[in-house]
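What follows is a set of notes on a single structure, which appears directly below.
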Amino acid sequence: MKQDNHAPSARNRIKRTFGMLAALCAAAMVAAPATAQEVTAPQERAKAQSWIQALSPVEYRGVQLCRTPIIAELGSIDYPQAESVGSATYPKLCVFHDPQQAIDALREKIPEAMKRIESQERVEPLSTANWVEYREAFNAYDNTHDAGSAGALDPHTEALFLTFFDIFENSSENTVITQAAQVLDGKRAKLQLDTISEVETELSPSQGDAVSDSVQGDYLQQQASPLRQLNRQNEYQYAFRYAVQPNSSYRYYKDNDCTNFASQIRRAGGEPFHLPTWGYASGGGTTAWVNANAFSKFFGWKSWTSDHRKFSTWLAPGDFIGLDHGIDGSCDHIGFVVATGSDRGNYRDYQVAQHSKNYVDWVSSNQNTWEWQPGSLYIRINS
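Sequence positions in the sequence shown follow mature numbering (1 follows the signal peptide of the UniProt record, and there is no 0) and run -36 to -1, 1 to 347.
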């Protein structure tokens, strides 16, 4: 079946999601804290500030986090204690109370779908040790099976997978939040994430951030405001031109490019760089340039709902839109609305340009899956 793949990570929200091995993260947790002689470099503090702001969940007014029926099918949820640094508080993401139980529940509910993925993508059965690899296999499988094709996943099965990975990754992301808080509080010299490659891919700012390493602050304080009047025609032209074949002038984040593409569209419309938070240089984007949650936090939200019908009536060409699969307070995926259409009964049709999966197509098509997101929160981002 078709999928607006994230990523998450993602992340592609990705997040899309971030791929981090839980065992490696646990090992990173016990790394020795900074001694009195160690000095935290400004660039490490800037990185920690960037990561903690990108990963910390947000509270959607009127919405209970991690309380969806899809999550309930997979297991009970814990809410870890927030991190405090001075007067600032950084909440952590919800996690499965028993990760192995969640894996067992997933296999019990969709055994045939998992067998097909394992056979076609040649991946071992899902476990706490290989969930990152398995998520990549799921993404690859789903990207090659549009709705109506043989072997396509039904919406509920896809929602179970997306929600499972959205919540399962949170333990690893909470480790990053803890380490970043320790850096900001002077208890750790640097983040110990050398072995967690996908965290680096997802969150590491490009070398372009070096010009502003000494600048630190809060995402919400650095939010782009007031919003500028962007050139919508330039945005539409860019979106149509590069939706399927990426612009080679920019780095391409395979299977996790949704936010990178959205940032390019915004830049094509005339949005100036907002360093150190949002920008692109030296072959890579800053955190908010490539990460769905950081992007949505930086530009801010107009509105959100779990009702797709209502969401579709809000939209206008030029809107940036997001998805939070597990409703865990972290946006996983970003798209761009290039046109709106007629009423289809259950929703008003709209055309989305996005990456991961790469397309520009109407919701009423087989390729576009924005209407098939049970258990997700739809977000309208400031445009």
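C-beta atoms are modelled at their ideal positions from N, C-alpha and C, and glycine is treated no differently.
Same chain, Cβ closer than 8 Å to residue i, five either side skipped, listed in chain order
i: D325; result: Q315, V316, Q331, N332
i: M49; result: Note that residue 49 is Val in the sequence shown, not Met. Once the five neighbours on either side are set aside, the close Cβ partners of V49 are A145, L148, D149.
i: R71; result: M78, P89, L90
Helix, strand or coil at residue i [DSSP, three-state]
i: A114; result: coil
i: F284; result: strand
i: I291; result: coil
i: L155; result: coil
i: L126; result: helix
i: P(-29); result: The pLDDT assigned to P(-29) is 40, lower than 50, so where the model puts this residue is not dependable, and the model offers no usable value.
i: A(-10); result: Since pLDDT at A(-10) reaches only 34, below the 50 mark, its modelled position is unreliable, and the value read off the structure follows with that caveat. Reduced to three states, the DSSP call for A(-10) is helix.
i: V208; result: coil
i: R99; result: helix
i: D313; result: strand
i: E82; result: helix
i: T277; result: helix
i: K56; result: coil
i: A46; result: coil
i: S135; result: helix
i: S91; result: coil
i: E335; result: coil
i: H120; result: helix
i: D219; result: coil
i: Q228; result: helix
i: Y24; result: coil
Residue i classed as buried or exposed, judged by whether at least 16 other C-beta atoms fall within 10 angstroms
i: R25; result: exposed
i: V208; result: exposed
i: R(-26); result: The predicted model places R(-26) with a pLDDT of 39, which falls under 50 and marks its position as unreliable; any figure quoted below should be read in that light. With 16 or more other Cβ atoms within 10 Å, it is buried.
i: Y43; result: exposed
i: P75; result: exposed
i: N310; result: exposed
i: R205; result: exposed
i: Q193; result: exposed
i: A5; result: exposed
i: W334; result: buried
i: P169; result: Low local confidence applies: a pLDDT of 42 at P169 is under 50, so the model's placement there is unreliable, and no value is given.
i: A10; result: buried
i: D297; result: For the record, residue 297 in the displayed sequence is His; it is not Asp. Per the 10 Å Cβ criterion, buried.
i: K274; result: exposed
Cβ pair residue i, residue j closer than 8 Å
i: R312; j: T277; result: yes
i: L57; j: S227; result: no
i: N346; j: F263; result: yes
i: T223; j: N198; result: no
i: Y342; j: H289; result: no
i: E82; j: D106; result: no
i: P281; j: R344; result: no
i: T304; j: L279; result: yes
i: F132; j: A66; result: yes
i: D219; j: S320; result: yes
i: F225; j: Q318; result: yes
i: A252; j: W242; result: yes
7 Å Cβ shell around residue i - same chain, five flanking residues per side excluded
i: P21; result: L29, P55, L57, D292, G293, S294
i: P119; result: W336, P338
i: S328; result: R308, D313
i: A174; result: At A174, the pLDDT of 30 sits below 50, so the modelled position is not reliable; the number obtained from the coordinates is stated separately. Excluding positions up to five away in sequence, the list is empty.
i: Q84; result: Y105
i: A46; result: T53, Y54, P55, K56
i: P33; result: G339
i: A232; result: N198, E199, Y202
Sheet register partners of residue i (DSSP bridge)
i: W242; result: H238
i: A77; result: According to DSSP, which records beta bridges pairwise, A77 is partnered with nothing at all.
i: G248; result: A245
i: D325; result: V316
i: Y342; result: T269, L287
i: T304; result: Y314
i: H297; result: L287
i: I41; result: F60
Spatial neighbours of residue i in its chain, beta-carbon cut-off 6 Å, leaving aside the 5 residues before and after
i: E88; result: N94
i: V179; result: Legend: pLDDT at V179 = 25, less than 50; position of this residue unreliable, value from coordinates given subsequently. Counting only Cβ-Cβ distances below 6 Å, and skipping sequence neighbours, we find P240.
i: V59; result: D42, N134, S135
i: A12; result: A144, V147, L148
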